[in-house]
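Each residue of the sequence shown is one higher than the one before, counting from 1 in UniProt numbering. Cβ coordinates follow ideal geometry from the N, Cα and C atoms, glycine included. Report on the structure given below.
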Amino acid sequence: MGYRRDAEQHGVPQTTLERYVAKKRKDQQNFVVDKSVGKFRSVFSQEQEIELVKLVDYLKSMESRLFGLTMIDFRRLAFQLAIRNQCQHKFNAASEMAGKDWMQCFLKRHPTLTLRKPESTTGARAMGFNKVAVAQFFHLLLETVDKYKLAGEHIYNCDETGLTVNPKGHTKILALKGKLQVGTLTSAERGETITAEICFSAAGAYMPTYAYFSKKTEATVI
């Protein structure tokens, strides 16, 4: 890997990287890496960074179990790790959290992590989606396909989604400065949900979308 690509991957200046490599090659035996660059100094040592990598694996494991940690949770873990290892840091002792700048640098060093908005998943759905249940489903599907000699155009998958009349978010508007509450007109206070059924086959064919309205009497405009 070249200097340029390595510098971009680790977020350090290329000239700084070249200078440290040249210094290490000059005195291979007595050179010790100093993690301070100018007035900036890394909070954790190289051995402690390895322990932080274990925390990354812990983050991924908790997220796969639907118990993901927030940015605040991980910043608190980093603060506790710094206190336990008696590291010199400038973290906020009042909030007992690592700083936002440290968190951003940590995410740059670990590009596999990103901040995502999770979807709500019920406990029953999480318990039902497991390795045994999925294997049983595909085993039953294979038996059914072989028994009735089904092709791709015979197998359809149907799913539903909810559409609301009122949008969830609104674009910011210009209003009087200092006004406590600013509103915008909508069709209803909470809105009505329209259920849409979408159906596709394994061969790529699709059925017309079905829409279910809450009214008992069909409106003339539909």
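* To do: Take every Cβ of the segment 85–102, pair it with every Cβ of the segment 110–121, and state whether three or more of those distances are shorter than 8 Å.
  => no
* Asked: Excluding sequence positions up to five away, which residues of its chain have a Cβ less than 7 Å from the Cβ of Glu18?
  -> Tyr3
* Asked: Is DSSP giving Leu113 helix, strand or coil here?
  -> coil
* Measure the alpha-carbon distance for Leu140 versus Cys199 and round it to whole angstroms. => 21 Å
* Selected residue, minimal CA-CA separation from Thr193, among Ala205, Pro208, Ala203 and Val165 -> Val165
* **Cβ distance (whole Å) where Arg76 is taken to contact Glu96 below 8 Å** => 6 Å
* Would you mind reading off the limits of the alpha helix (DSSP H) that contains Phe213? => Run containing Phe213: none; DSSP gives neither H nor E here.
* **Euclidean distance between Cα positions of Leu69 and Glu63** => 7 Å
* To do: Give a yes or no on whether the C-beta atoms belonging to Ala202 and Gly128 are separated by under 8 Å.
  => no
* If we ignore side chains and look at the alpha-carbon of each, how far apart do Thr8 and Glu160 end up? -> A small correction: the amino acid at residue 8 is Glu; Thr does not occupy that position in the sequence shown. Spanning the two alpha carbons is a distance of roughly 44 Å.
* Please confirm whether Tyr210 and Ala196 have their CB atoms less than 8 Å apart. => yes
* Between the C-alpha atoms of Thr26 and Val12, what's the straight-line distance to the nearest angstrom? -> A small correction: the amino acid at residue 26 is Lys; Thr does not occupy that position in the sequence shown. The straight-line gap from Cα to Cα measures roughly 21 Å.
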